[in-house]
Structure formats: structure tokens, C-alpha cells
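Each residue of the sequence shown is one higher than the one before, counting from 82 in this note's numbering. Here is the structure we will look at.
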Amino acid sequence: NGGMVEGETHGQLSPSSHTIQIVPGKWNHRKRRNVNTPPQFQLPNYQVSVPENEPSGTRVITLKATDPDDGEAGRIEYGMEALFDSRSNDFFVINPQTGAITTVQPLDREVKDTHLIVEANDQGKDPEPRSATATVNISVEDENDNYPQFSEKRYVVQIPENVAVNSKVTQVEATDKDEGNNAKVHYSIISGNVKGQFYIHSPTGVIDVINPLDYEMIREYNLRIKAQDGGRPPLINGTGMVVVQVVDVNDNAPMFVSTPFQSTVLENVAIGYSVIHIQAIDADSGDNARLEYRLTDTSPGFPFTINNSTGWITVAAELDRETTEFYTFGMEARDCGIPVMSSSASVSITVLDVNDNIPTFTEKVYSLKINEDAVVGTSVLTVTAVDRDVNSVVTYQISSGNTRNRFAITSQSGGAI
């Protein structure tokens, strides 16, 4: 019962392959005799492809071998054996009568993409069964059944707020276990891109900053990234997260809360008395916002000082309104950033009077002569005393020596006697 060797394939050819060897093998050991002719396949090698994930029982290829012998010597049974990797035996089975190879379970290209199997045997007994071998290379075609996977669950990057526009921030990466277009990944930002500050290059995943950043406005961006493969339909992973932390730079000068600063203080307050609180704020953070204060435009012996940390101005020396009633000086607030930034303001302090001065006569001794016949009411003398305090009203009275009350003095208006 002779015939032709045929290979009937089911599926498309693919560059990747699984090879199976089909062999007619020896089933019984007999004495060698030159009677039985071995079977023959039409081709020594067959190549066929099968889509992954096809259900079990999918027909892969039907092989046929011919044997010119009659009877049992010409009856062929097919068997197979995996080459190189025994796992192939778990995926395929061959019908011993028809030579049809079918799948035992769905194939997964990402687990194993090639299989090799073998063989064909006649049933001759004279001298013994003869066999032929053919190699079947079965390649598993890719199906878009894998989602892109990001290399990191969460990307965290820090950039200074003064980074140049169009600078690279970071690069995300997602891989796909499929192949070809099914594994080609494109990226996009799907949320968190407030004010459109960032741009992602679709083919590469490189993220650039495309607008100026301002730490004082937005300190952190949480970008949700989508990775999409090129399959039809595409598979999408939208779980990528990029956290962009904006780092402060010293780009804000201190600002005084209110200017100009004005205050009053009594001239008799104790040294250390708190007069006025100078306060400035800085929109930066950390050392860039830590402020120090100092007085400017002052001379040695200046009666005020400032706490350089708190901004409280206190009395450093005794005050005397009668000597100096009004003080005007400068104030500087400096931050501790690099480079240092500062602001200036003016401070005015008015010293208020207290009654700390005794009236003083313009002369120590007043001498005069008066006629003994002077009539009552005659003006003899006007004495004057001055007081350096503010709004001081001096009153007069004769304290001694006015024998028989011969003289009288007006209590105010210059002390006329």
C-alpha cells in the first residue's frame, strides 16, 4: 500500500518555531533481513505555526508517510518525541493512525515559543519494523495577551523650581512580553498635569518640563501615566505614577508685614523694655525662609537694640526725652539662603515725657530796692522759673521771709511780686 508523504498545515507561518520530530520507529526487535522497506516522508522537515491561546484539540498538521511494502510491513503507525525540551510532550499529541498532530492544551508563546517533535514506524516483522524520521518545527504565533508593565510602581523625582524649560525630568519604562507591535509601548499623561507643566514623549517615556515651575505655587505633582501597546485592540496599563517634587530655591526676598514701623515709649522705662515687634515673612522654605534682623543707620551708643531672631526692638540705654525726643533708623531683614536676599524698612520711635525735671529759676538771686513810700499794689519784681518737661505749668508762692506779709506773689503768669 504505497503512497505519497503529505504535510497538511493549519495556521500561519511564523519566524519563531517549535520543532517536533515524527519518527516511524522500531516497535519489535527482529532478526535483520533485507525484505522490509522503511517508510518515507515527503520532506525531512516541516514548519507550521499555531496561534497561542487556541483551545486544546486544535489541529496543527497532518503528516503522511508512504511505505511500498504490503501487509503489516506497509502499515504505518505514527509516534512523536520532543527534541531538546521535554515540555513539548505536554502540549501536543499525534494520532498513531492518521498522523494528525493536535494540541493538548492552549499554547503560551511567552512560556515557550518553539517545539520540536518526531516520528513514523511501519509494522513489518521481516526482518523487523522499520522507521523514518521527520522534524516538525511548530512556532507559536503571538497574540496580544499581555499588558505593558511599568518597571517601577512609583517614580519619585526632585527638581529645583528654577529648572530650565524643556529640561528632562525623568523617564518611565514599561515592557510588554508580547512581540512586534504587540510589544511596542507608547506613553501618555492622563491626569495630574496641572497647568500643563509637563510633556511626555510618547515613544520613549521621557518626561520634560515645558513651563516654569514655582515652588511657592505648587510643591508636588502626581502624574498618572498610561502605557499602551500597539496591538489591535491595544492593551492599556494606566497605573504608572510619577511624583515630581519641586525643590525650593531662594528666589523670594523677605517682606515686612507693615511699613513704616512706628511706636512710642516713655522716657523712664527700664533697660530691656520691649518697644516694638518687627516682623517679616519669606515665601521660601527652610533656610531660604529663616530670617535674621539687624538695625541700620545707627551710631555708637544708640539706645535701642534688636533681637536678630525674633525681631523685637528693646531699650538698650536710658532714654531722656529732653535730650532726644525722636529716633528714626533703618531695619534690615535677611534670609539665610544662598545667595542671601534682604529687604529694608524704616522705624520711628517717639520718646514720651514723664515729669522728671524740677523747675529752675532763671537767676539764683534776685536783688532790688524799693522806696519806703511805695503804695500798696506796686509791682516790685517778676521772677521766672522754667521746667524742661512737656506742658509743665509752674506755680509760685513765697515760702519764707515775708515779714508781716508785706509782699504778695501771683501764683501763675510769671510770678509777679
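Backbone N, C-alpha and C fix where the C-beta goes; we use that ideal spot for every residue, glycine too. Computed from a predicted model, the values in this text were never measured in an experiment.
Run of the beta strand (DSSP E) containing residue i, from where it starts to where it stops
i: Tyr236; result: Tyr236 to Pro241
i: Ser197; result: A small fix is needed here, since residue 197 is Leu in this sequence, not Ser. Here the beta strand (DSSP E) through Leu197 covers Thr195 to Ile198.
i: Thr386; result: Phe385 to Ile387
i: Phe407; result: Phe407 to Asp416
i: Thr431; result: Ser423 to Leu433
i: Asp310; result: Glu301 to Asp310
i: Asn318; result: Ile317 to Val328
Close Cβ partners of residue i (< 7 Å) along its chain, the five nearest in sequence each way excluded
i: Gly106; result: A caution first: Gly106 carries a pLDDT of 44, below 50, which makes its placement in the model too unreliable to give a value.
i: Tyr447; result: Leu462 and Val464
i: Asp401; result: Glu348
i: Gly273; result: Tyr302, Asn303, Leu304 and Arg305
Nearest-angstrom beta carbon gap, residue j and residue i [assumed within contact, 8 Å]
i: Phe410; j: Asp378; result: 5 Å
i: Tyr302; j: Gln278; result: 7 Å
CA-to-CA distance, residue j to residue i, given in whole angstroms
i: Val287; j: Ala370; result: 33 Å
i: His282; j: Asp223; result: 27 Å
i: Gly392; j: Gln360; result: 6 Å
i: Ser481; j: Ser355; result: 47 Å
i: His110; j: Ser232; result: In this prediction, His110 has a pLDDT of 38, which is less than 50 and means its spatial position is unreliable; what the coordinates show is noted afterwards. Rounded to the nearest angstrom, the two C-alpha atoms are 58 Å apart.
i: Gly92; j: Val253; result: Per-residue confidence for Gly92 stands at a pLDDT of 40, beneath the threshold of 50, marking its modelled position as unreliable; no derived number is given.
i: Ala255; j: Ile306; result: 10 Å
i: Ile439; j: Val346; result: 21 Å
i: Gln178; j: Pro314; result: 41 Å
i: Tyr408; j: Val432; result: 8 Å
i: Thr183; j: Gly138; result: 5 Å
i: Val467; j: Glu406; result: 19 Å
Member of the options whose CA lies at the smallest distance from the CA of residue i
i: Ser424; options: Thr431, Glu413, Ile430 and Cys417; result: Glu413
i: Pro284; options: Thr459, Thr443, Leu376 and His267; result: His267
i: Val244; options: Ile291, Glu301, Phe122 and Val350; result: Ile291
i: Gln309; options: Gln230, Asp437 and Asp148; result: Gln230
i: Val456; options: Leu449, Arg487, Val471 and Val446; result: Arg487
i: Arg469; options: Gly458, Thr459 and Asp437; result: Asp437
i: Asp416; options: Ala466, Asn247, Tyr374 and Ser167; result: Tyr374
i: Gly155; options: Pro119, Ile142 and Gly180; result: Pro119
i: Val474; options: Gln493, Lys445 and Gly458; result: Gln493
i: Gln239; options: Asn176, Val323 and Ile175; result: Val323
i: Ile430; options: Gly458, Glu444, Phe385 and Asn331; result: Phe385
Residues of its chain near residue i, where Cβ-Cβ distance is below 6 Å and the 5 sequence neighbours each way are ignored
i: Ile479; result: Ile490
i: Phe337; result: Ala361 and Ala426
i: Leu449; result: Leu462
i: Ala264; result: Asp257
Contacting residues, own chain, Cβ-Cβ under 8 Å from residue i (five flanking each side not counted)
i: Trp108; result: With a pLDDT of only 39 at Trp108, under 50, the local geometry of the prediction cannot be trusted, and the value read off the model is given with reservation. Taken in chain order, the residues that qualify are Glu158, Asn202, Gln204 and Pro210.
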